[in-house]
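Asks: The structure's right below; bear with me while I get my questions together.
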DNA sequence: GCCACGGATGAAACTTACTTTCATGAAGCG
DNA sequence: CGCTTCATGAAAGTAAGTTTCATCCGTGGC
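Protein chains in written order, with the numbering used here: chain A, 63 to 366; chain B, 63 to 366.
Structure representation (structure tokens):
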């Protein structure tokens, strides 16, 4: 793995559990069994001995140790301590809404709303917690100094990419987003040193996005990735890795939580860039806001 | 250990630290040294090994164990865990993030991230709280029974509209979104009884969206509006009004908070609809997921 | 002053928990 | 089909935690 210098935002300060669930897919099967136990009930895991935990996960102590190392701990005792701390900090999730949990079959809409909102808010908060300001700073730096910025994303992540592009454009940065892979590829080929390419992929396995990012990188552009999984393939082609912290998700609410997390990160970058030149950015936003003013109906009824 | 307890080491109610300092005077000198270390810095103590702690307290491991028993623990590991948990709990969440607050001019990126995430999460939570499940239910009902669904939105709200359209489409509902007003208008003119039109506008004053919604309504379609302002013009042309709760916002972080709130509402509607026919919805999602599978690169597993 | 007595204490023996090493077998690669 | 790589657990090895026990020290009785 001759990997070029990469800065990754995986310094899990806020949430160890979050960090672990992000790493989950990159773990071996046996380690995953351990991880799932840990994520499911951190406090309980902290109480167990390594042998006990290994037995419950139907594996050996060795694997548990390997798991500890995989998530960045020195050994099992350290994991225990961290888990205990984590569990204590964790606010009691309201009633039956398990974090990242599924929605019970018989749920009424009120429950559904509560659960979704809880998970969504959580994803946003936890993403912010684990985001490394230093890496963000570098990405912001790159964008501020960039000649051209291109943002890539497919499917749902495409919305986020498009959103970011629009935002940057509004404050006068030259940014592009291409819904079409071929167009994106050709454009990426025209990038060079001093340009920036940002690839967005929740799973980190979207071939199209990886390919385009790779292309951009080979041309000398600085590349950044935004993904939920810190060891997914996309991180191989990124100089900077930013991660979201949406938990391993159910088929329904999960997708949205991850989207919100992505948007939050993108917004942080945007504000970071805008903050570099407040007056100019503010002015640009005012001008663009005025531009659509005639498309608003005058309302005397807006509440204050 | 056939010894009567020095002091009833019952369940320490307030906190372990408090408990320990409470019975500190009743401890033997050597144990007191240990106790003082523990009380002074629980988190640090939790990190140490028993030998290490004993050395620092200028005593033997045996004494540390005795101390553990004296304060009601079974042994040193249990003490460590409890201490770690205790220490974690007393950390107070960061400084002065005001709800809806602006970002101070000199803010560094860490502050920016914290502020944005806080506001975003709050917007999501508060939106969920004020959302009327009954109204949602009716909208869901309408969508479930609809022949055709059209979603309208301009600018930033357009992304949300598009997202909702895509989601509905994925579970087999016939839904449309038109980025172009003229197209939207003509399509709306073709709606009829049993169809549903949803207009999304943060301010509730977007003329294009209102116009289209009005058109749809005049043709007999059920109309719903999603806006942050319950008395804005768009509500005049809507049978059902759903509101977000993003606070009156600054030019920067605000826009995103409102977007996230909109997405949360849209996701609630989506899940509500999907829940009406779980198996069919799940199947549809699986099929569509498979469709893009070949565009994913293999395993995310990588060495660390 | 001398001698029990009992609690406090640490050295060392002991047990358990944790960590490393290594052989095995399965899965991918050319 | 052999080669490599990787995941895995058994077993050996090390460190951490626990118990035992002899010693020490102060106390009070003789």
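Just so it is clear, CB atoms sit at the ideal spot from N, CA and C, and this is done for glycine as well.
Suppose you measure from the CA of residue 192/B to the CA of residue 219/B; what does that come to, to the nearest Å?
Replies: 20 Å
Asks: Mind listing the chain B neighbours of residue 190/A? Cutoff is C-beta to C-beta under 9 Å, in chain order.
Replies: 175, 176, 178, 179, 180, 182 and 183
Asks: Decide if residue 66/A is buried, meaning its Cβ has at least 16 other Cβ atoms within 10 Å, or exposed.
Replies: Confidence is the limiting factor: at residue 66/A the pLDDT is only 37, short of 50, which leaves the residue's position unreliable and the question unanswerable from this model.
Asks: For a test of your reading of the model: does the CB of residue 233/B fall under 7 Å from any non-hydrogen atom of the ligand NAP? Yes or no.
Replies: The model on display carries no ligand, and the ligand NAP is accordingly not part of it.
Asks: For residue 235/A and residue 262/A, which I take to be in contact (beta-carbon distance under 8 Å), what is that distance rounded to the nearest angstrom?
Replies: The Cβ separation is near 17 Å, so there is no contact.
Asks: If contacts are defined as beta-carbon pairs under 8 Å, then residue 299/A and residue 281/A qualify, I think. What distance do you get, rounded to the angstrom?
Replies: No, residue 299/A and residue 281/A are not in contact; Cβ-Cβ is about 12 Å, not under 8 Å.
Asks: So, helix, strand or coil for residue 258/A, using DSSP?
Replies: strand
Asks: Between residue 89/B and residue 145/A, what straight-line distance do the alpha-carbon atoms span, to the nearest angstrom?
Replies: 30 Å
Asks: Output, in chain order, the set of chain B residues within a Cβ distance shorter than 9 Å of residue 334/A.
Replies: 171, 174 and 175, listed in chain order.
Asks: Quick one: is residue 382/A near chain B, going by C-beta distance under 8 Å?
Replies: No answer is possible for residue 382/A: the residues shown for chain A start at 63 and end at 366.
Asks: So the beta strand (DSSP E) residue 212/B belongs to, where does it begin and stop?
Replies: Per DSSP, the unbroken beta strand (DSSP E) holding residue 212/B starts and ends at 211-215.
Asks: Please name the residue or residues paired with residue 238/A in a DSSP beta bridge.
Replies: 212/A
Asks: Quick check: is the beta carbon of residue 240/A nearer than 8 Å to any beta carbon in chain B?
Replies: Interface residue (Cβ-Cβ distance to chain B less than 8 Å): residue 240/A is not classified as such.
Asks: Using 8 Å as the limit for Cβ to Cβ distance, is residue 143/B near chain A?
Replies: By this cut-off, residue 143/B is an interface position.
Asks: Compute the distance between the beta-carbons of residue 307/B and residue 287/B, then report whether it is under 8 Å.
Replies: no
Asks: Taking the beta strand (DSSP E) that residue 304/A falls in, what are its first and last residues?
Replies: 302-305
Asks: Could you run through the segment 198-216 of chain B and flag, in chain order, every residue whose CB is less than 9 Å away from some CB of chain A?
Replies: Those residues of the segment 198-216 of chain B that come within reach of chain A (Cβ to Cβ, closer than 9 Å) are 198, 199, 202 and 216.
Asks: What did DSSP end up calling residue 265/A once you bin it into helix, strand or coil?
Replies: coil
Asks: Between residue 81/B and residue 123/A, what straight-line distance do the alpha-carbon atoms span, to the nearest angstrom?
Replies: 35 Å
Asks: With 8 Å set as the bound, which would you pick, yes or no: does the beta-carbon of residue 372/B sit closer than that to a beta-carbon of chain A?
Replies: In the structure as shown, chain B starts at 63 and stops at 366, and residue 372/B therefore has no counterpart that could be examined.
Asks: What residues are listed by DSSP as bridge partners for residue 247/A?
Replies: DSSP, once it has assigned bridges, lists no residue as partnering residue 247/A.
Asks: Cβ closer than 8 Å: which chain A residues qualify as neighbours of residue 135/B?
Replies: Here the premise fails: no neighbours, minimum Cβ distance about 12 Å.
Asks: Please identify the residue among 217/A, 243/A and 329/A whose C-alpha is closest to the C-alpha of residue 228/A.
Replies: 329/A
Asks: For the beta strand (DSSP E) holding residue 288/B, just list the boundary residues, first then last.
Replies: 284-289 is the span of the beta strand (DSSP E), which, as asked, contains residue 288/B.
Asks: Is residue 235/B close to chain A? Criterion is C-beta to C-beta, closer than 8 Å.
Replies: Output row for residue 235/B: interface = no.
Asks: May I have the straight-line CA-CA distance separating residue 185/B from residue 198/A, to the nearest angstrom?
Replies: 23 Å
Asks: Using 8 Å for Cβ pairs, my map puts residue 271/B next to residue 336/B. What's the rounded Cβ distance?
Replies: About 25 Å separates the two Cβ atoms, so there is no contact after all.
Asks: Straight-line CA distance for residue 96/B to residue 140/B?
Replies: 16 Å
Asks: Does residue 338/B come within less than 8 Å of chain A when only Cβ atoms are used?
Replies: no
Asks: Do residue 291/A and residue 265/A have their CB atoms nearer than 8 Å?
Replies: yes
Asks: Rounded C-beta distance between residue 179/A and residue 190/B? I'm assuming under 8 Å.
Replies: In this structure, residue 179/A and residue 190/B form a Cβ contact; the two beta carbons are roughly 3 Å apart against a cut-off of 8 Å.
Asks: From residue 94/B to residue 148/B, what does the alpha carbon distance come to, in whole angstroms?
Replies: 19 Å
Asks: Report yes if the CB atom of residue 275/A is closer than 8 Å to the CB atom of residue 267/A, and no otherwise.
Replies: No, these two residues do not count as a Cβ contact at 8 Å.
Asks: If we count the other Cβ atoms within 10 Å of its Cβ and call it buried at 16 or more, is residue 136/A buried or exposed?
Replies: Exposed, by the Cβ-count rule.
Asks: Just to confirm before moving on: does the CB-CB distance between residue 222/A and residue 151/A stay below 8 Å?
Replies: no
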